[in-house]
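Here's the structure we're looking at; comments come further down.
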Amino acid sequence: MSFSLGLVMSAAVGIAAGLFASFAMNTFQAICAAFDRTESRGGDRPEPATIKVAAAAFRMVSGKAIPQAMRPLAGNAVHYSLGAALGVIYACIAAYVPLITIGAGSIYAVAIWLVLDEGALPALGFGDKWTSVPVGTHCYGLVSHLVFGVSLEGARRLFIAALG
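Be aware that the sequence shown starts at 243, since it is given in this note's numbering, and climbs by one per residue.
Encoded structure:
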């Protein structure tokens, strides 16, 4: 198999695995939300960064605020698009540098959490500065990303096995 064909197949596997991992992460977060007592008492939860990013992109493109009814769908579009892109990066690297798969995707997940959640999102104004966020929220974010990373590696392996 040529380098370019291998890269194309890795990218396709990465897209599929990234979408699956994004779904797994969303499912984990939905289960956690079902047990969140502050939400059941009517507590306000901060708007997810994915929705903030989608709203900023919508405003940049259209010059208007995103309609309230579109916010959750737009946030999901950002979440799944980013998951697919991160899946492509991971799968393409894993095809040529298998060392990245050590920890079944958990090392990659921690890197994503540190770079995006703890670094880029607060720096770009889409999240609170890490020092003003409760430790439990950091832990929740880390575990959510671990679910993503382990699901990503598991799905990548399954898709590769299915392709034979």
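Just so you know, even glycine gets a beta-carbon here, dropped at the ideal spot from N, CA and C.
What you are looking at is a predicted structure, and each value in this text was computed from that prediction instead of being measured.
- Distances from the alpha-carbon of R398 to those of D359, G369, I331 and S374 put I331 closest.
- Membership of I354 in the alpha helix (DSSP H) is indicated by the continuous run S348 to I354.
- At a Cβ-Cβ threshold of 8 Å, V320 and V295 count as neighbours.
- Taking one beta carbon from each stretch, the segment 343-361 and the segment 384-399 have 3 or more pairs nearer than 8 Å; the two touch.
- In the three-state scheme derived from DSSP, where H, G and I count as helix and E and B as strand, L366 is classed as coil.
- A distance below 8 Å between beta-carbons, with the five flanking residues on each side excluded, links L261 to the following residues of its chain, in chain order: Y322, G325, A326 and G329.
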